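Peer 1: Got a structure for you, questions after.
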Amino acid sequence: MKKAIIVFILFIIIGFIPFQQHNSVDIKSNYFDVCQQLAGGNQTKTPKFNPGKDFNITAISANVFSAATICGPMSYNCFYTVAPGIKNNYAIIAIDAPTNVFKWLISQVQPSVKPDALVLNLKAFMENARIYYGFNIIEKDVAENYIAVKKETVPIQNKFPEINRAVKDLNSFIAQNNAKAIHPLSCSYYPHQADSVQVLVGIPVNKQIQPTANITCMRMPGGKMLVGDFNGKYSDRQKLYNAMEKYIQDHSLSKQIAPFERYLDNRIPASDTDSVNMQINYPVL
Numbered sequence: 390m391k392k393a394i395i396v397f398i399l400f401i402i403i404g405f406i407p408f409q410q411h412n413s414v415d416i417k418s419n420y421f422d423v424c425q426q427l428a429g430g431n432q433t434k435t436p437k438f439n440p441g442k443d444f445n446i447t448a449i450s451a452n453v454f455s456a457a458t459i460c461g462p463m464s465y466n467c468f469y470t471v472a473p474g475i476k477n478n479y480a481i482i483a484i485d486a487p488t489n490v491f492k493w494l495i496s497q498v499q500p501s502v503k504p505d506a507l508v509l510n511l512k513a514f515m516e517n518a519r520i521y522y523g524f525n526i527i528e529k530d531v532a533e534n535y536i537a538v539k540k541e542t543v544p545i546q547n548k549f550p551e552i553n554r555a556v557k558d559l560n561s562f563i564a565q566n567n568a569k570a571i572h573p574l575s576c577s578y579y580p581h582q583a584d585s586v587q588v589l590v591g592i593p594v595n596k597q598i599q600p601t602a603n604i605t606c607m608r609m610p611g612g613k614m615l616v617g618d619f620n621g622k623y624s625d626r627q628k629l630y631n632a633m634e635k636y637i638q639d640h641s642l643s644k645q646i647a648p649f650e651r652y653l654d655n656r657i658p659a660s661d662t663d664s665v666n667m668q669i670n671y672p673v674l
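Numbering (this note's numbering), first residue to last: 390 to 674.
In structure tokens form, the structure reads like this:
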């Protein structure tokens, strides 16, 4: 009996022996955005990386935060220090947590109280473009290709019928030269005057074609493309433009030329309220 009591007492003593847990997590996002997300972890009504506000986050300084949570009779505290990562546009969060054997054992069966639980949620949130930016945005490498292009200056109030006429001209040009379209049609828009806009309407083709007076065939070099998906009312596409501009800034990308819209069903919208399935493409470095 005495041995059992001694063993029990030793178990209790061992269980409360304190020690420090250390860990670090890389996040593919810039240092300032990571700090901003942690600083707003309690201020937002439903922060997406801490939806139930299971952790109470407190800013100790601009880049140091404490996080606390409770599981049963146990309280858990940890400290996060954010620093720029070694890789460009990465941040690293160093995690320090005072704990003991009992707390550590509980965290093995209740992973949500592990010191890195909140940080891993933040990583999943910030590295998922659809969740973080609100749209599916990816970087991809594209091959060199040829594109038949018609340049038009059209009145803003009548731009969609005028663009559709340009598309018909391009399709006739491609057919007459025994070429084939290899990707959906695209458009780039440039402000011209208060009542008009300059439009480049293009269709990628499978070979070089001799130009005419109104239509050229350009060689598009390969490289990196930032592509965002949009499906909805055409006038709402500006939300995707804004999200992609933020993505470019966050990831320190450089725009090569103006972005262009690609209409995946080969159909120009009939109006700003028309529903479209499209992509926005930014050639970037």
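Glycine included, every Cβ here is placed at the ideal spot set by N, Cα and C.
Quick caveat, the model's predicted, so the values are computed rather than measured.
1. When you compare the region 581-597 with the region 541-551, are there three or more beta-carbon pairs, one atom per stretch, that lie closer than 8 Å?
2. How is the alpha helix (DSSP H) around K613 delimited, first residue to last?
3. Is it the case that the Cβ atoms of I552 and M633 are separated by a distance below 8 Å?
4. Residue range of the beta strand (DSSP E) that A570 falls in?
5. According to DSSP, which residues form a beta bridge with K539?
6. Taking the CB atoms as reference points, tell me whether P473 and Y420 lie closer together than 8 Å.
7. Considering only the alpha carbon of each residue, which of D618, K622 and K613 lies closest to E528?
8. For P648, which of helix, strand or coil comes out of DSSP?
9. Cα separation between L494 and T470?
10. On a CA-only basis, which of V616, G523, D654 and P600 is nearest K644? Give me that one, please.
11. Within a Cβ cutoff of 6 Å, which residues of the same chain sit near F408, ignoring the five residues on either side of it in sequence?
12. Express the C-alpha separation of S624 and S561 in angstroms, rounding to a whole number.
13. Per DSSP, what are the beta-bridge partners of T488 in this structure?
14. Taking the continuous beta strand (DSSP E) assigned at F468, which residues delimit it?
15. Assuming the contact rule is C-beta atoms closer than 8 Å, D422 and I481 should be a hit. Round their C-beta distance to whole Å, please.
16. According to DSSP, simplified to helix, strand and coil, what is S561?
17. Tell me whether the beta-carbon of I604 lies closer than 8 Å to the beta-carbon of V556.
Peer 2: Reading from the atomic positions:
1. Taking one beta carbon from each stretch, the region 581-597 and the region 541-551 have 3 or more pairs nearer than 8 Å; the two touch.
2. No alpha helix (DSSP H) holds K613; the beta strand (DSSP E) holding it covers G612 to K622.
3. Result no, Cβ atoms of I552 and M633 do not sit closer than 8 Å.
4. Unbroken run through A570: none, as it is neither H nor E.
5. As DSSP reads the structure, K539 sits in a beta bridge with V590 and I604.
6. P473 places its beta carbon less than 8 Å from that of Y420.
7. For E528, the nearest C-alpha among the options comes from K613.
8. In the displayed model, P648 falls within coil according to three-state DSSP, outside both helix and strand.
9. Their Cα atoms are separated by approximately 25 Å.
10. Restricting attention to V616, G523, D654 and P600, the CA atom closest to the CA of K644 is found in V616.
11. No residues qualify anywhere along the chain.
12. Answer to the nearest angstrom: the Cα atoms are 29 Å apart.
13. Bridge partners of T488: F408.
14. Here the beta strand (DSSP E) through F468 covers M463 to P473.
15. 14 Å between Cβ atoms; not a contact.
16. Residue state, collapsed to three classes: helix.
17. With contacts defined by Cβ atoms closer than 8 Å, I604 and V556 do not form a contacting pair.
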